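Residues in the sequence shown are numbered consecutively from -2, following our numbering.
Written out below as structure tokens is the structure these notes cover.
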Amino acid sequence: MKGCLISFEGPEGGGKSTQARTLAAALRSRGLEVLETREPGGTKLGETVRGILQNDLAGEPPCDAAEALLFCAARAQLCRNVLAPALSRGAWVVLDRFTDSTLAYQGYGRGFSVDTLRAMNSFATGPVRPNLTLLLDVPPETGLARALARSGSKDRIESAPAEFHRRLREGYLELAQKEPERFVVIDATAPEQVVRDRVMAAVDDRLRPAGRC
Ligand code: T5A
-2 MKGCLISFEG PEGGGKSTQA RTLAAALRSR GLEVLETREP GGTKLGETVR
48 GILQNDLAGE PPCDAAEALL FCAARAQLCR NVLAPALSRG AWVVLDRFTD
98 STLAYQGYGR GFSVDTLRAM NSFATGPVRP NLTLLLDVPP ETGLARALAR
148 SGSKDRIESA PAEFHRRLRE GYLELAQKEP ERFVVIDATA PEQVVRDRVM
198 AAVDDRLRPA GRC
């Protein structure tokens, strides 16, 4: 595909949405076409699934297997209808969470087989793959406190036990270690501006040599 996909990943409250917004604006100021979107979401179906997953809009919480499948269903819709067309025409995509969230949360967090989840991800995404993944790493207690301060209450997944959040953070770090050519781990406990500079440096370091920006 002609375009370039950058995904932001990490535990709750690491600053993904904040940094995705800032990066998208910086890339646009370079004259690039940039699509900024999020998971779950980015399509009508995906936003509806988001409500079911985060706030129990179906009237009952999904079981863990349904949760994993719903994240992948929203992903399939986003990839087929939005990401693949954008990347094919050469746009840049800045994505707030993607396939690694499923591996970290449903794999390391909930305990499903990471290999099975990789196969589900692959089925959902087709040929769409991130060129670069920025892992905004933050200890769960810091990230959850930030998220709580922002919204005043915890959603269904944020309310999971501390051990769940600890496992998924460790899972992310393990995923990054296994694929160093795709991941950059950024210490997101630093002030917002410092994180922003680290994000821009990572994008330029990794994607400029490939002639992408
Ligand atoms: N999920 C998702 C799965 O389980 N499996 C999957 O496959 C997928 C795709 C998504 C939920 O779904 C789960 C993971 C999530 O639980 P979400 O609302 O998108 O839900 O959750 P998050 O992605 O975690 O979004 P948050 O909004 O909670 O966190 P962000 O985006 O990391 O953080 P952000 O930018 O909103 O910042 C949070 C607060 O911190 C401040 C901000 O101003 C804001 O108030 N902040 C900082 N404060 C201090 N220092 C910094 N450096 C800061 N950066 C931001």
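In this text, a Cβ means the ideal position worked out from N, Cα and C, and glycines have one as well.
Only a predicted model underlies this, so the values are computations on that prediction, with no experimental measurement involved.
- Excluding the 5 residues flanking it on each side, I3 has same chain C-beta neighbours closer than 6 angstroms at V91 and L129, in chain order.
- According to the DSSP secondary-structure assignment, L129 is paired through a beta bridge with I3.
- C-alpha of R166 to C-alpha of Q103: approximately 12 angstroms in a straight line.
- Under a 10 Å Cβ-count criterion, L100 is classified as buried, with 16 or more other Cβ atoms of the shown protein chains found around its own Cβ.
- Annotation: D53 to A207 spans about 43 angstroms, alpha carbon to alpha carbon.
- The Cβ atoms of G123 and R77 lie closer than 9 angstroms to each other.
- Considered as a whole, the segment 10 to 59 harbours 31 to 35 as its complete beta strand (DSSP E) runs of no fewer than 3 residues, in chain order.
- Burial of T15 is indicated by the presence of at least 16 other C-beta atoms within 10 angstroms of its C-beta.
- Straight-line measurement puts the Cα of P8 at about 10 angstroms from the Cα of R94.
- Annotated as proximal: E155 and L141, with beta-carbon spacing under 9 angstroms.
- Taking 9 angstroms as the cut-off, the Cβ atoms of A121 and R72 count as close.
- Here the segment 56 to 71 lies against the segment 36 to 43, with 3 or more beta-carbon pairs under 8 angstroms apart.
- In the structure shown, the three-state DSSP call for F68 is helix.
- In the structure shown, the three-state DSSP call for D152 is coil.
- When DSSP states are grouped into helix, strand and coil, F120 belongs to the helix group.
- Secondary structure note for L172: it is in no beta strand (DSSP E), and the uninterrupted alpha helix (DSSP H) holding it is A159 to K175.
- DSSP, read as helix, strand or coil, puts V91 in strand.
- In summary, T113 is exposed, with fewer than 16 beta-carbon neighbours lying within 10 Å of its beta-carbon over all protein chains present.
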